[in-house]
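To keep things clear, I will list the structure first and then write my remarks on it.
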Amino acid sequence: MISLRTDLPWSGDSASRFIPWLVAIMVFLGTLAVSGVAVFDTILSGWSKAVTGTVTVQIPALPADSEQEANQARTDRAVKALKDLPSVEGVRVLANTEIDALLAPWLGERAAASDLPLPDLIDVTLVDGSTATIEALRSAVTTVVHDAIIDDHRLWFEHLIDLTEGFRLLTIGVALIVTTALALTIVYATRASLAEFKEVISVLHLTGARDAYVATQFAKRTLSAAFKGSAGGLVAGAFALFAIGLLARNVESGFLPDIGLSLGFWVLPPLVSLFAATLATVTAFITVLSTLRSMV
Amino acid sequence: MQIFKPPETPDGTAAVELKNVSLRYDDGSDVLSALNLALPPGSFHFLTGPSGAGKTSLLKLLYLAQRPTMGSVHLFGTDVTAAARRSLPAIRRKLGVVFQDFRLLQHLSVFDNVALPLRVAAAPEPEIKSNVTELLSWVGLDNFMNAKPAVLSGGQKQRVAIARAVVNRPRLILADEPTGSVDDAIAMRLMQLFIELNKLGSNIIIATHNEQLVARFEYSRLALADSALTELPPLSYRSAAESDQAINEPQT
Ligand SMILES: Nc1ncnc2c1ncn2[C@@H]1O[C@H](COP(=O)(O)OP(=O)(O)O)[C@@H](O)[C@H]1O
Ligand SMILES: [Mg+2]
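For the protein sequence lines, the chains are A and B, in the order given. For the first sequence, the working numbering assigns the number -16 to the initial residue and increments by one for each residue that follows. For the second sequence, the working numbering assigns the number 21 to the initial residue and increments by one for each residue that follows.
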């Protein structure tokens, strides 16, 4: 057990009084941010941009007055481009009768035989374990047929993944900002206390104290204040996570990966508190040393 | 008082030496001008002069709170004129300073104030307890160990300041008007403490403008006037036997 005996008049010091509150708020925010990163990581590892199975490519029909051969050429170009992709196993153009069968519920029998400009449909079968994305397929096809359309559903999902990755980066940014803000505020508070204790510190120096002796007293004081604060922030953060976990349970299962149950996840808040207390203590120590040294 | 045993100074080196020292504060003229001085190990001196003569300034040069504008300061054979910041603690642990305004820490008890030089040097707590307790009873403050300085009289504060200055067995004791706030009887008792420490080998310099006090002892005098030393000490060590005489037969 370290001794918290001090030679400095902390009870009369206003600058250090808010350190427990500061650390509590930072631990709370830090806990949320770090947990957010963990949640997004879990979600993203459950989701994959890679396309599996089959994808349907539509080649829209040209205006009715254009030639039949032109439509056929467009489809052939798309088929060739798709076949050239290493991730594509097979390509099959749907026959008119198959299209009729697909459209029958909406347009009635023999729709394909009518004058309606129906698109050609290409079924693309992908190689097992392929990592190709919809974007890759799309760019391959649209270079040869600029208005080809691919499976919007998959694309929407890809955008969702991008968005989630964006949120993940954002929460990492928030965690970094909270860390910086904590360190900077400790630097400021420590400097203010040093100014307030100027006379006492001068007596300590004149009686033979090293800078490290003064710095250690600041570090001990900051450590005990930060521990109080981080305990509070930890409790508040854990409560918030628990509440969010309950809300997330109501989201249709399967869409969101199961989070909040793993042990690893609940280790994060105590780690954040420990980190915050250590950061505050080390920052105070270094600030005292460098400030005293610059006083000469 | 066997706890006070300063290490020996090597033969032939002055304990305190000033070479051509001048001091000028930011603005004005020289407060001290071209001082030369060499005090042998174990000496005892009064530093006298009217108020404003520069006694406190001279002591500040010696405890390195002030650097000279010119010249050099040597302590125990080492040039400390331009001592690096990190070497100051080791030098200051060989010094005991009684500040004119005491500079007690108001939020600490009498015990903790006196313990300060030992604590900053990381002395073990049991040793701190026995040394501080013994010293406080010597200066007659054993009933005030847990009191805060605010409740003490001027004379009591002065005794706390002296106890703090000598608790770490310093080789050089610099006392700035150490008997300024106490009555005659206590002044004589405090002087006896300094004499005891001097017998054990500490160099003593007592700044005072109390001529009566100076006259009671036969210690040589460093007299400051017009920013110069007008009375220089003989470069010889006055033996303990001679100084005993001075206390036992005080003049009135
Ligand atoms: N920090 C300082 N800045 C400017 N002038 C000072 C300072 N300290 C002392 N002085 C001046 O130096 C002179 C000597 O002061 P001091 O050393 O305190 O004398 P003494 O202790 O003999 O009374 C005085 O004129 C005083 O005003
Ligand atoms: Mg003075």
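We put the beta carbon where it would ideally sit given N, CA and C, even for glycine. Everything numeric in this text was worked out from a predicted model, so none of it was measured.
- Chain-ordered neighbours of VAL183(A) on chain B, where CB pairs are closer than 7 angstroms: Within the first sequence, numbered from 1, the residue matching residue 183(A) stands at position 200. Residues of chain B passing the Cβ test: LEU125.
- Task: Please report the residue range of the alpha helix (DSSP H) in which ARG184(B) lies.
- Result: Along the second sequence, read from residue 1 onward, the residue named residue 184(B) stands at position 164. Segment 174 to 186, the alpha helix (DSSP H) holding ARG184(B).
- From ALA115(A) to VAL71(A), what does the alpha carbon distance come to, in whole angstroms? Counting from 1 along the first sequence, the entry for residue 115(A) is found at position 132. Counting from 1 along the first sequence, the entry for residue 71(A) is found at position 88. Cα-Cα distance, rounded: 9 angstroms.
- Is it the case that the CB of GLU238(B) approaches a heavy atom of ligand 3 more closely than 8 angstroms? Only ligand 1 and ligand 2 can be found as ligands here, which leaves ligand 3 out of the picture.
- Task: Spatial neighbours of ARG105(B) within its chain, please: CB distance less than 8 angstroms, with the 5 preceding and 5 following residues excluded, ordered by chain position.
- Result: Working through the second sequence from its first residue, we reach residue 105(B) at position 85. Result list for ARG105(B): empty, nothing under 8 angstroms.
- Message: Could you tell me the alpha carbon to alpha carbon distance between ASP46(B) and SER201(B), rounded to whole angstroms?
- Response: To locate residue 46(B), count along the second sequence from 1; it is residue 26. To locate residue 201(B), count along the second sequence from 1; it is residue 181. Approximately 31 angstroms between the Cα atoms of the pair.
- Message: Any beta carbon of chain B sitting closer than 9 angstroms to that of LEU224(A)?
- Response: Locating residue 224(A) in the first sequence gives position 241, where the first residue counts as 1. No - not a single Cβ of chain B is within 9 angstroms of the one on LEU224(A).
- Message: Quick test of the definition: if touching needs 3 or more C-beta pairs under 8 angstroms, does the region 187 to 194 of chain A touch the region 105 to 120 of chain B?
- Response: yes
- Message: What residue range does the alpha helix (DSSP H) around SER77(B) cover?
- Response: Working through the second sequence from its first residue, we reach residue 77(B) at position 57. Element bounds for SER77(B): 75 to 82.
- Task: Would you grab the beta carbon distance between VAL6(A) and ALA259(A) for me? Rounded to a whole angstrom, and I think it's under 8 angstroms.
- Result: As a first step, residue 6(A) is located in the first sequence; it is residue number 23 there, counting from the start. As a first step, residue 259(A) is located in the first sequence; it is residue number 276 there, counting from the start. So it is a contact: roughly 6 angstroms between Cβ atoms.
- Task: Measuring only between beta-carbons, confirm whether SER(-6)(A) sits less than 9 angstroms from chain B.
- Result: Start at 1 with the first residue of the first sequence, and residue -6(A) comes out as number 11. SER(-6)(A) counts as touching chain B.
- Query: If we count the other Cβ atoms within 10 Å of its Cβ and call it buried at 16 or more, is ILE133(A) buried or exposed?
  - Reply: Taking the first sequence and counting its residues from 1, the one referred to as residue 133(A) is at position 150. Classification of ILE133(A): buried, given that the 10 Å Cβ count is 16 or more.
- Around the Cβ of ILE2(A), are there at least 16 other Cβ atoms within 10 angstroms (buried) or fewer (exposed)? As a position in the first sequence, residue 2(A) is number 19, starting the count at 1. Result: buried.
- So what's ARG174(A) in DSSP terms, helix, strand or just coil? Mapped onto the first sequence, residue 174(A) falls at position 191. In this structure, ARG174(A) counts as helix in the three-state DSSP scheme.
- How should GLN321(B) be labelled, buried or exposed, when 16 other C-beta atoms within 10 angstroms of its C-beta is the threshold for buried? Residue 321(B) lies beyond the stretch modelled for chain B, which goes from 21 to 272, so this question has no answer here.
- How many angstroms separate the CA atom of ALA263(A) from the CA atom of ASP194(A)? Translated into positions along the first sequence, residue 263(A) becomes position 280. Translated into positions along the first sequence, residue 194(A) becomes position 211. Between ALA263(A) and ASP194(A), the C-alpha separation is close to 18 angstroms.
- Give the single residue among LEU125(B), LYS168(B), MET90(B), VAL186(B) whose Cα lies nearest to the Cα of ILE148(B). In the second sequence, the residue the question calls residue 148(B) occupies position 128. Taking only the C-alpha atoms, the option nearest ILE148(B) is VAL186(B).
- Given that a residue counts as buried once 16 or more other Cβ atoms are within 10 Å of its Cβ, and exposed if not, what is ILE160(A)? Translated into the one-based positions of the first sequence, residue 160(A) becomes position 177. Label assigned to ILE160(A): exposed.
- With 9 angstroms as the threshold, decide whether the Cβ of LEU5(A) is near any Cβ in chain B. Mapped onto the first sequence, residue 5(A) falls at position 22. No, no contact with chain B.
- Query: Name the chain A residues that come within less than 9 angstroms of VAL159(B), Cβ to Cβ?
  - Reply: For the purposes of this step, residue 159(B) is taken as the residue at position 139 of the second sequence. What VAL159(B) touches in chain A: nothing, since even the nearest Cβ is about 17 angstroms away.
- Return helix, strand or coil for THR116(A), following the three-state DSSP convention. Counting from 1 along the first sequence, the entry for residue 116(A) is found at position 133. Here THR116(A) sits in coil by DSSP.
- Anything in the region 78 to 112 of chain B with a Cβ closer than 9 angstroms to a Cβ of chain A? List those residues in chain order, please. TYR83, LEU84, ALA85, ARG105, ARG106, LEU108, PRO109, ALA110, ILE111, ARG112
- So, SER(-1)(A) versus HIS127(B), is the Cβ gap smaller than 9 angstroms? The residue you call residue -1(A) lines up with position 16 of the first sequence. The residue you call residue 127(B) lines up with position 107 of the second sequence. In this structure, HIS127(B) does not lie closer than 9 angstroms to SER(-1)(A) by Cβ.
- Message: I'd like to know whether the C-beta of VAL118(B) is nearer than 9 angstroms to at least one C-beta of chain A.
- Response: Reading the second sequence from its first residue, position 98 is the one you call residue 118(B). Judged by the 9 angstroms Cβ criterion, VAL118(B) is not in contact with chain A.
- Return the residue from the list PRO100(A), LEU99(A), VAL128(A), LEU15(A) that minimises the CA-CA distance to ALA64(A). Mapped onto the first sequence, residue 64(A) falls at position 81. The candidate whose alpha carbon is nearest that of ALA64(A) is VAL128(A).
- As assigned by DSSP and simplified to three states, the class of LEU272(A): Counting from one through the first sequence, the residue named residue 272(A) turns up at place 289. Three-state result, LEU272(A): helix.
- Task: Excluding the 5 residues preceding and the 5 following LEU27(A) in the sequence, name in chain order all residues of the same chain whose CB lies nearer than 8 angstroms to its CB.
- Result: As a working note, residue 27(A) is residue 44 in the first sequence. Excluding residues within five positions, the ones whose Cβ falls inside 8 angstroms are ILE144, THR147, GLU148, ARG151.
- Query: DSSP three-state call for MET90(B): helix, strand or coil?
  - Reply: Your numbering for residue 90(B) matches position 70 in the second sequence. Of the three classes helix, strand and coil, the one that applies to MET90(B) here is strand, per DSSP.
- Pairwise C-alpha distance: ARG174(A) and TYR257(B): Here the question's residue 257(B) lines up with position 237 in the second sequence. Here the question's residue 174(A) lines up with position 191 in the first sequence. Here the model assigns TYR257(B) a pLDDT of 34, short of 50, so the residue's position is not dependable and the matter cannot be decided.
- Query: What alpha helix (DSSP H) runs, 4 residues minimum, are completely inside the region 178 to 218 of chain A?
  - Reply: 181 to 189
- Query: At a cut-off of 8 angstroms, is GLY62(B) close to ligand 1 when judged by its beta-carbon and the heavy atoms of the ligand?
  - Reply: Translated into positions along the second sequence, residue 62(B) becomes position 42. Checking the Cβ of GLY62(B) against ligand 1 gives no.
- Task: Could you tell me which chain A residues have their CB closer than 9 angstroms to the CB of VAL36(B), listed as they occur along the chain?
- Result: What you label residue 36(B) is simply residue 16 of the second sequence in a count that begins at 1. By Cβ distance, chain A contributes nothing, its closest Cβ being about 17 angstroms from VAL36(B), past 9 angstroms.
- Taking 8 angstroms as the cut-off, is the CB of LEU118(B) close to at least one heavy atom of ligand 1? For the purposes of this step, residue 118(B) is taken as residue 98 along the second sequence, with counting starting at 1. Going by the sequence as given, residue 118(B) is Val instead of Leu. VAL118(B) Cβ: outside cutoff for every heavy atom of ligand 1.
- Query: Taking the DSSP output, what are the residues bridged to PHE66(B)?
  - Reply: What you label residue 66(B) is simply residue 46 of the second sequence in a count that begins at 1. Note: PHE66(B) sits in a beta bridge opposite ILE226(B), ARG241(B).
- Does DSSP put SER157(B) in a helix, in a strand, or in coil? The residue given as residue 157(B) occupies position 137 in the second sequence. Of the three classes helix, strand and coil, the one that applies to SER157(B) here is helix, per DSSP.
- Query: Beta-carbon separation of ASP196(B) and PHE119(B) under 9 angstroms?
  - Reply: Translated into positions along the second sequence, residue 196(B) becomes position 176. Translated into positions along the second sequence, residue 119(B) becomes position 99. Yes. Within cutoff.
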